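Below: the structure, in structure tokens.
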Amino acid sequence: MRNKNKNNLKTILKEKLTSKELPSLIRGFDIIGNIAIIEIPRELIKKQKLIGNTLLKLHKNISSVFKKGAAYSGKFRTRKLIWLAGKTSKEALYKENNIRLKLDVEKVYFSPRLANDRLRVARQVQVGERILVLFSGCGPYTFTLSKNTQAKEIYAIELNPVAHKYALENQRLNRSNNTAIIHGDAKKELEKIITKNKKTNLKNQLKFDRILMPLPKGAEEFLNIALKVTKKNSIIHFYDFQKENEFNKSEEKIISVCKTSKKRCKILSIVKCGQNAPRTYRICVDFRVL
């Protein structure tokens, strides 16, 4: 959840910050369950505790306030969070789209800003689909699809052991009985499926009607192997970071990999899923394998 309350921090702190400090205050922040995560500019480091405590008093549903540390990094795309106010626990229980998710907000990558896009994808799912979610984390896409569609099966693959642990817990929490939660490297797990398919008759091979690839940095490295578990008319939701007016570069990535894999494709839509940096967006390219 992205919060921009009219009774915001800037209004409350107007008398406590100097005229030079006030313009630096970033009013927007993320809420994940009962945890608020805010960005503190360098100019306000000395006032960060004041900001944290004010935020805690301003929103009764918040019990912990953390500030963003360094940018997302590492193979699990996590970031350090620094405690500012309230409880020190980093475990949250978050609700969206009729599901509940438990997670550690520091050890598991999660963006509440993608809630609408998760529901957008769910609304496209047809009855009886077999779906694959790569880089599935603690299960936001997995359980949104499980709870809000009539998909037959949903396979979810995640490398981060902490995220996988929470995904298993969230599977129980959401009483999801059509999901297979798999811990492992996406390429290796897909290779296992491909190898098994080669030994299985065509009718019983594990192929997917829909594949989600919500890794906006480097997903193209997995696209060629993902294409090997598609069938005619499979749909892939491919996420990427691109600058404004350069979304065609993501299309070019997809077309290039499809050509190398001897697959034809049709771009269906390109959707903005939020801003990542000035003039840079997270986008989702939906395309069909022909």
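Residue numbering for the sequence shown follows numbering that gives the first Met the number 0, beginning at 0 and increasing consecutively.
Built from N, CA and C at the ideal position, the CB exists for glycine as well.
A quick note: this is a predicted structure, and the numbers were derived from the prediction, not measured.
Taking residue i as the reference, which of the options has the closest Cα?
{"i": "residue 88", "options": "98, 62, 79", "result": "62"}
{"i": "residue 113", "options": "127, 140, 104", "result": "140"}
{"i": "residue 159", "options": "278, 36, 75, 24", "result": "75"}
{"i": "residue 36", "options": "197, 105, 10", "result": "105"}
{"i": "residue 38", "options": "15, 190, 83", "result": "83"}
{"i": "residue 246", "options": "283, 187, 265, 99", "result": "283"}
{"i": "residue 115", "options": "103, 147, 77, 90", "result": "147"}
{"i": "residue 212", "options": "200, 205, 203, 225", "result": "225"}
{"i": "residue 215", "options": "19, 122, 274", "result": "274"}
{"i": "residue 207", "options": "244, 186, 271, 127", "result": "127"}
{"i": "residue 149", "options": "111, 122, 170", "result": "122"}
Which one or two residues does DSSP pair with residue i in a beta bridge?
{"i": "residue 194", "result": "Answer by DSSP bridge pairing: none, since residue 194 is not bridged."}
{"i": "residue 152", "result": "129"}
{"i": "residue 285", "result": "236, 268"}
{"i": "residue 207", "result": "229"}
{"i": "residue 181", "result": "156"}
{"i": "residue 92", "result": "101"}
{"i": "residue 77", "result": "72"}
Since residue i contacts residue j with CB under 8 Å, what's their CB separation in whole angstroms?
{"i": "residue 281", "j": "residue 238", "result": "6 Å"}
{"i": "residue 168", "j": "residue 135", "result": "The pair is not a contact, with the Cβ atoms about 14 Å apart (cut-off 8 Å)."}
{"i": "residue 292", "j": "residue 68", "result": "Residue 292 lies beyond the residue range present for the chain, which begins at 0 and ends at 289; the question has no answer from this structure."}
{"i": "residue 24", "j": "residue 43", "result": "6 Å"}
{"i": "residue 33", "j": "residue 91", "result": "6 Å"}
{"i": "residue 162", "j": "residue 107", "result": "5 Å"}
{"i": "residue 240", "j": "residue 279", "result": "6 Å"}
Determine the extent of the alpha helix (DSSP H) in which residue i is found, giving its start and end residues.
{"i": "residue 220", "result": "219-226"}
{"i": "residue 278", "result": "Note, residue 278: premise wrong, no alpha helix (DSSP H); not H, not E."}
{"i": "residue 118", "result": "114-121"}
{"i": "residue 140", "result": "139-147"}
{"i": "residue 18", "result": "Per DSSP, residue 18 belongs to no alpha helix (DSSP H) and is neither H nor E."}
{"i": "residue 243", "result": "From DSSP, residue 243 is part of no alpha helix (DSSP H); its letter is neither H nor E."}
{"i": "residue 10", "result": "8-11"}
Tell me where the beta strand (DSSP E) around residue i begins and ends.
{"i": "residue 66", "result": "63-67"}
{"i": "residue 98", "result": "98-103"}
{"i": "residue 44", "result": "That residue, residue 44, is in no beta strand (DSSP E); it is neither H nor E in DSSP."}
{"i": "residue 80", "result": "80-85"}
Would you call the region 148-158 and the region 130-139 in contact, with 3 or more CB pairs under 8 Å? Result yes; three or more Cβ-Cβ pairs closer than 8 Å.
Determine, using beta-carbon pairs with one atom in the region 200-220 and one in the region 259-266, whether at least three such pairs fall under 8 Å. Counting Cβ pairs under 8 Å, fewer than three are found: no touch.
Counting pairs of beta carbons, one from the region 275-289 and one from the region 227-234, are three or more of them closer than 8 Å? Yes, since at least three Cβ pairs between the region 275-289 and the region 227-234 fall closer than 8 Å, the two stretches touch.
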